[in-house]
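In my numbering, the protein residues as written are 39 to 710. We treat Cβ as the ideally placed atom computed from N, Cα and C, and that holds for glycine. Values in this document were obtained by computation on a predicted structure and should not be read as measured data.
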């Protein structure tokens with residue numbers, strides 16, 4: 039069958055001629071009274087999970103992976119005559135397979151990323167761009183997306199293999215050309231099966247515009263790759279610029295693919311989660327969200343961003359705009375059923391008939407939908423190569439390093455990271471920065487995995503041989519090691535920001551109180567693990583007033599006392615909005631990433647022991663007697679690990695906390 043128009047990308051915005059790409063022929067404009075249902079299908083934050091496999095634990099993992107999401111997609115396509123499959127971003131980074139294809143054995147120009155092989159097979163119609171797409175740099179992103187970026191340091195002459203669908207991003211621009219890095223939008227000509235005013239089946243054309251947005255914070259988070267090459271605009275500004283243009287070019291519907299969550303704070307062009315404001319921009323028919331790794335709609339959600347004015351977490355509406363966020367790792371498929379009616383001139387959405395869902399791959403208990411068996415064949419070569427690679431030995435450990443109880447003081451999965459970072463900075467200063475040799479070197483790190491995705495979403499490295507996959511489990515992200523110079527007051531402010539991880543506990547309340555503020559991600563809970571540093575966190579006090587008794591080598595830290603603190607490029611450049619950390623205090627911007635620093639440290643030490651590498655605990659909760667229990671969530675059956683880490687005041691209350699994540703309910707006695 040001859041192939042005609044399928045979608046039109048705004049390549050003119052990039053200095054190219056518009057391209058027309060094939061699809062089945064479609065009918066002319068429908069007659070008045072024609073109706074149809076179009077199901078928008080969303081995946082988000084796939085993070086390179088092509089199949090259900092945990093490369094850190096080297097076991098099959100049915101709770102994640104595109105092979106099971108594919109089954110949900112197939113089911114939706116059987117259910118709905120008209121579907122449009124779209125991805126929200128954070129697609130190419132996030133696990134060992136992604137790192138293998140980007141850093142260990144980089145793809146050739148003619149090769150396609152594993153995740154894009156899967157998406158091509160599943161016939162995606164379009165995709166947005168997340169913040170983590172930029173983690174490996176612009177040259178890599180240019181190559182694997184089949185783009186021709188015109189930015190400094192990137193060779194745009196040859197177009198490499200990439201996804202077989204349009205990628206859209208409206209708020210990131212090339213400094214060189216002052217034009218969008220990707221096409222800001224695409225208009226997809228979609229043939230719909232509908233019924234006319236007399237109830238007879240008809241074929242009808244709908245022109246669906248998709249426009250993409252990413253957090254402007256990428257300029258801080260990936261400053262080393264982006265500074266001097268690209269710039270961002272605010273999400274709202276980009277929407278107001280391009281949506282009217284999309285409408286003028288014939289878009290019947292506009293779908294915003296925005297990689298972010300909801301924030302009702304005062305709008306700024308730098309806002310990370312600007313979609314509460316975006317929903318109020320005219321002309322948007324549906325929003326596909328991501329980045330926050332949450333589920334929306336979800337009437338049972340306690341996440342603050344879903345309890346904002348104008349947000350209906352049961353029906354999936356933000357200021358009346360149908361909205362979905364399909365969690366992460368392929369665990370859910372977002373579905374927005376748009377009921378359309380044509381008046382002879384244009385389509386409109388019958389909002390009262392719209393249904394928004396997030397469909398789970400988990401059926402209940404330990405049951406999941408069956409995986410699509412054809413997808414593993416597409417990526418078997420890179421999958422098996424990754425498994426071989428991550429088993430490369432680097433050392434041994436005589437203790438279990440886990441993050442199950444990192445929120446209550448177990449630093450077993452954090453201390454060796456801090457030791458590696460501090461040793462690197464001390465060595466670097468001795469060799470290259472003698473002007474700083476008098477300053478104490480500290481290090482902060484955070485528990486990157488804290489059960490957000492369920493009971494298996496924790497770091498857990500068992501005693502015995504240590505391999506590369508264990509290092510990737512201990513340090514999840516491909517950050518670069520940075521060091522900043524701060525004084526005692528600034529260090530205290532840093533720790534205060536980290537202590538926002540906890541809710542404020544009222545010691546007089548007899549009912550149970552949740553210790554951990556789940557709205558604050560664990561990767562922002564920076565902690566020191568050093569025998570030379572000690573401090574308390576008083577969770578009965580308001581945020582910003584919790585850090586007390588901060589000492590270094592047994593003496594109180596003075597406000598003007600200076601330190602070098604090892605961290606990562608994300609934090610040093612402003613990631614997480616920590617006070618004073620905006621890039622101006624950076625004294626070391628290492629070309630080495632934190633994970634490689636950790637691997638080299640373990641290789642040099644060879645044998646890790648609890649006494650030397652897992653027993654330092656810099657911080658403790660200030661002691662207080664509470665009238666009722668203080669509770670938190672963690673994987674069930676892990677109480678022995680807490681006690682081995684010296685947390686004798688932890689107890690398990692229930693093996694199932696009732697949240698449907700497989701986690702247990704624990705209690706912490708703050709009086710001990």
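Checklist entry - In the DSSP assignment, what residue or residues form a beta bridge with residue 369? => result If you number the chain shown from 1, residue 369 lands on position 331. According to DSSP, which records beta bridges pairwise, residue 369 is partnered with nothing at all.
Item to check | Alpha carbon of residue 151 to alpha carbon of residue 638, nearest angstrom | outcome: Within the chain shown, numbered from 1, the residue matching residue 151 stands at position 113. Within the chain shown, numbered from 1, the residue matching residue 638 stands at position 600. Roughly 28 Å separates the two Cα atoms.
Next on the checklist: Report the CB separation of residue 662 from residue 578 in whole angstroms; it is logged as a contact under 8 Å.
Outcome noted: The sequence position of residue 662 within the chain shown is 624, counting from 1. The sequence position of residue 578 within the chain shown is 540, counting from 1. Indeed they touch by this definition, with Cβ atoms about 5 Å apart.
Checklist entry - Using DSSP with H/G/I as helix, E/B as strand and the rest coil, what is residue 72? => result Translated into positions along the chain shown, residue 72 becomes position 34. Three-state result, residue 72: coil.
Next on the checklist: Cutting at 6 Å between CB atoms, please list the residues of its own chain near residue 315, excluding the five before and the five after it.
Outcome noted: By 1-based counting over the chain shown, the position of residue 315 is 277. Once the five neighbours on either side are set aside, the close Cβ partners of residue 315 are 274, 305.
Item to check | For residue 170, the nearest candidate out of 145, 216, 82 (CA to CA) | outcome: Within the chain shown, numbered from 1, the residue matching residue 170 stands at position 132. The shortest Cα separation from residue 170 among 145, 216, 82 belongs to 82.
Item to check | Close-in-space but distant-in-sequence residues of the same chain around residue 30 (CB under 7 Å, 5 per side omitted) | outcome: Summary: the structure shown does not reach residue 30, with the chain confined to residues 39 through 710, and so no result is reported for it.
Checklist entry - Do the region 172–181 and the region 449–465 meet, that is, are 3 or more Cβ pairs less than 8 Å apart? => result no
Item to check | Distance, residue 308 Cα to residue 162 Cα | outcome: As a working mapping, residue 162 is identified with position 124 in the chain shown. As a working mapping, residue 308 is identified with position 270 in the chain shown. The straight-line gap from Cα to Cα measures roughly 30 Å.
Next on the checklist: Could you give the first and the last residue of the continuous alpha helix (DSSP H) run that contains residue 711?
Outcome noted: Given a span of 39 to 710 for the chain in the structure shown, any question on residue 711 remains unanswerable.
Checklist entry - Taking all protein chains shown into account, do 16 or more other C-beta atoms lie within 10 angstroms of the C-beta of residue 127, making it buried, or fewer, making it exposed? => result Counting from 1 along the chain shown, the entry for residue 127 is found at position 89. Residue 127 should be labelled buried.
Checklist entry - Ends of the beta strand (DSSP E) at residue 723? => result There is no way to answer for residue 723, as the model of the chain reaches only from 39 to 710.
Next on the checklist: To test your reading of the DSSP string, which unbroken alpha helix (DSSP H) runs of 4 or more residues are found completely within the region 659–706?
Outcome noted: 677–682
Checklist entry - Would you say the region 423–439 touches the region 631–651, given that touching needs at least three Cβ pairs under 8 Å? => result yes
Checklist entry - Taking contact to mean at least 3 C-beta pairs separated by less than 8 Å, is the region 413–428 in contact with the region 485–495? => result no
Checklist entry - Less than 8 Å separating the beta-carbons of residue 446 and residue 688? => result In the chain shown, residue 446 corresponds to position 408, counting from 1. In the chain shown, residue 688 corresponds to position 650, counting from 1. Yes. Within cutoff.
Next on the checklist: So the candidates are 366, 338, 583, 278; which of them puts its Cα closest to the Cα of residue 353?
Outcome noted: As a first step, residue 353 is located in the chain shown; it is residue number 315 there, counting from the start. Comparing Cα positions, the closest option is 338.
Next on the checklist: Buried or exposed, going by whether 16 or more other CB atoms sit within 10 Å of the CB of residue 605?
Outcome noted: Along the chain shown, read from residue 1 onward, the residue named residue 605 stands at position 567. So residue 605 counts as buried.
Item to check | residue 518 beta carbon less than 8 Å from that of residue 607 | outcome: One-based indexing of the chain shown puts residue 607 at position 569. One-based indexing of the chain shown puts residue 518 at position 480. It is a contact, given that the beta carbons lie within the stated cut-off.
Next on the checklist: Rounded to whole angstroms, what is the Cα-Cα separation between residue 77 and residue 418?
Outcome noted: Reading the chain shown from its first residue, position 39 is the one you call residue 77. Reading the chain shown from its first residue, position 380 is the one you call residue 418. Going by the C-alpha atoms only, they are around 31 Å apart.
Checklist entry - What number of angstroms, rounded off, separates the C-alpha of residue 717 from the C-alpha of residue 67? => result The requested residue 717 does not occur in the structure, where the chain is confined to residues 39 to 710.
Checklist entry - With 16 as the cutoff for other CB atoms within 10 Å, does residue 85 come out buried or exposed? => result Mapped onto the chain shown, residue 85 falls at position 47. Label assigned to residue 85: buried.
Item to check | Proximity to residue 359 [Cα-Cα], best of 367, 366, 350 | outcome: To locate residue 359, count along the chain shown from 1; it is residue 321. Of the candidates 367, 366, 350, the one whose C-alpha sits nearest the C-alpha of residue 359 is 350.
Checklist entry - What is the DSSP secondary structure of residue 642, counted as helix, strand or coil? => result Along the chain shown, one-based indexing puts residue 642 at 604. Residue state, collapsed to three classes: helix.
Item to check | Beta-bridge partners of residue 380, as assigned by DSSP | outcome: Position 342 of the chain shown, counted from the first residue, corresponds to residue 380. DSSP output for residue 380 lists 385 as bridge partner(s).
Checklist entry - For residue 439, which of helix, strand or coil comes out of DSSP? => result Stepping through the chain shown from its first residue, residue 439 is reached at position 401. Strand, per DSSP.
Checklist entry - Which partner residues of residue 269 appear in the DSSP bridge assignment? => result By one-based count along the chain shown, residue 269 stands at place 231. Paired residues: 211.
Checklist entry - Rounded to a whole number of angstroms, what is the C-alpha to C-alpha distance between residue 569 and residue 476? => result As a position in the chain shown, residue 569 is number 531, starting the count at 1. As a position in the chain shown, residue 476 is number 438, starting the count at 1. Roughly 19 Å separates the two Cα atoms.
Next on the checklist: Mapping the DSSP letters down to three states, classify residue 143 as helix, strand or coil.
Outcome noted: If you number the chain shown from 1, residue 143 lands on position 105. Three-state DSSP puts residue 143 in coil, outside helix and strand.
Next on the checklist: Check for me: the alpha helix (DSSP H) holding residue 608 runs from which residue to which?
Outcome noted: Here residue 608 corresponds to residue number 570 of the chain shown, with the count starting at 1. It spans 607–610 - the alpha helix (DSSP H) in which residue 608 sits, taken as one unbroken run.
Item to check | Reference residue 556, options 675, 340, 115, 299, closest by Cα | outcome: Position 518 of the chain shown, counting from 1, holds the residue named residue 556. Closest by alpha carbon: 340.
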